[in-house]
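Numbering (this note's numbering), first residue to last: 146 to 462. See below for the structure under consideration.
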Ligand code: SF4
Ligand code: MG
């Protein structure tokens, strides 16, 4: 609820402190048990920072994170320990997120050892997890560089599952992988979700991957959610001009449909979160912007039927 993360502004050459950067600027959403929420937006929109605050790899500047009725946003790392096993993370680059000097056995059992599981028991569990993610348990004593990118990401997934979590935040889990491997890893994540009843927050800039895996989707722009709702509503009938523009850039498989459809080209890059535009922060790039958009910030509100919300003064439909 109302998650905010600010970073200190860069100092200028004269030593003057810059304006603080609001990387995440008041984000609220819920994720149900066993559900997948997609979190999408251009790089720098605050989606990774949001994910990291939820699993408390990063402390929120303000706002709350409630897990299963317990407020965990403000707990110290020691107080967080009993909750930690339920909240895990999978990272974008499997190689840089796996310690190159540790064996796979050590990497996968690390979260268990931290929780106080004995070494023999942890190793046995690591072997089971290798099998669960489609790797060969006999390879436990190998090192990360001995695996392909797709296999290394399977190791990252196995590690995230070691403590039987209920929520996994996956930050661009397939975008560093070859396209041919992406589908395999996505399939694996879907199978694991069915078998284990996991909830996912699936962070990605690739809208087609998110469309496939998620139940609901939240679109972020400059640190805020601009649209959130059931995936069929958001993808089928976007309410926010930014969502519409993002979707219009996703290639369609049918060439005739691809030629016929209207592409919305956004002007310029996303503005800097250190100096966000007034009013609706999307207004300098929005094809529908009116005077009110420059002065008044639109809040998320129900747009259309089915509970979908959009932050726009002039939502579609
Ligand atoms: Fe565009 Fe105005 Fe809606 Fe912002 S509030 S998205 S500028 S129409
Ligand atoms: Mg990111």
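Virtual Cβ for every residue (Gly too), placed ideally from N, Cα, C. Just so we're clear, the structure is a prediction, and the values are computed from it rather than from any experiment.
Excluding five sequence positions before and after residue 441, the CB atoms of its chain that fall closer than 8 Å to its own CB belong to 424, 425 and 458, given in chain order. Rounded to whole angstroms, the gap between the alpha carbons of residue 453 and residue 266 is 46 Å. Taking the Cα of residue 414 as reference, the smallest distance to any Cα among 186, 174, 178 and 148 is reached at 186.
For residue 345, the uninterrupted beta strand (DSSP E) segment begins and ends at 344 to 349. With a threshold of 16 other beta carbon atoms within 10 Å, residue 183 meets it and is buried. With a contact defined as Cβ atoms closer than 8 Å, residue 302 and residue 334 qualify at about 7 Å.
For the 8 Å CB-CB criterion, residue 297 and residue 345 do not form a contact. Of all alpha-carbon atoms in 246, 410 and 332, the one lying nearest the alpha-carbon of residue 288 is that of 246. Nearest Cα to residue 169 within the set 157, 208 and 219: 208. Residue 178 and residue 197 have their C-alpha atoms roughly 19 Å apart. A residue is called buried when at least 16 other Cβ atoms come within 10 angstroms of its Cβ; residue 316 meets this threshold and is buried. In the three-state DSSP reduction, residue 275 falls in the helix class (H, G or I).
Uninterrupted alpha helix (DSSP H) stretches at least 4 residues long and entirely within the stretch 218 to 282 occur at 222 to 229, 239 to 242, 249 to 259 and 264 to 277, given in chain order.
Distance from the C-beta of residue 416 to the nearest heavy atom of ligand 1 is not below 7 Å. The shortest C-alpha to C-alpha distance from residue 195 to any of 236, 148, 402 and 213 is the one to 148. About 7 Å separates the beta carbons of residue 369 and residue 456, which is inside the 8 Å limit, making them a contact pair.
In this structure, DSSP gives residue 380 a helical state, which the three-state scheme calls helix. 460 is the residue among 406, 226 and 460 whose C-alpha sits nearest the C-alpha of residue 434. Of all residues, those with a beta-carbon under 5 Å from at least one heavy atom of ligand 1 are 386, 425, 427, 428, 431, 433, 434, 438, 443, 457, 458 and 459, reported in chain order. A direct Cα-Cα distance of roughly 13 Å separates residue 218 from residue 226. DSSP places residue 387 inside the alpha helix (DSSP H), whose first and last residues are 386 to 393. Of the residues assessed, residue 221 falls on the exposed side of the cut-off, its CB having fewer than 16 other CB atoms within 10 angstroms. In this structure, the CA atom of residue 313 is about 18 Å from the CA atom of residue 295.
For the options 157, 293, 350 and 357, the alpha carbon positioned closest to that of residue 326 is the one of 293. Setting aside the 5 residues that flank it on each side, residue 390 is surrounded in the same chain by 409 and 411, each with a C-beta closer than 6 Å to its C-beta; the list follows chain order. Here residue 224 is exposed: its Cβ has fewer than 16 other Cβ atoms, across all protein chains shown, within 10 Å.
The DSSP-derived three-state label of residue 373 is strand. Distance from residue 311 to residue 231 at the Cβ level is roughly 5 Å; contact confirmed, criterion being Cβ atoms closer than 8 Å. In the DSSP assignment, the residues bridged to residue 446 are 455. Residue 166 is bridged by DSSP to 152.
Membership of residue 203 in any alpha helix (DSSP H) is not indicated, and neither H nor E is assigned to it by DSSP. Residue 171 and residue 281 have their C-alpha atoms spaced approximately 44 Å apart.
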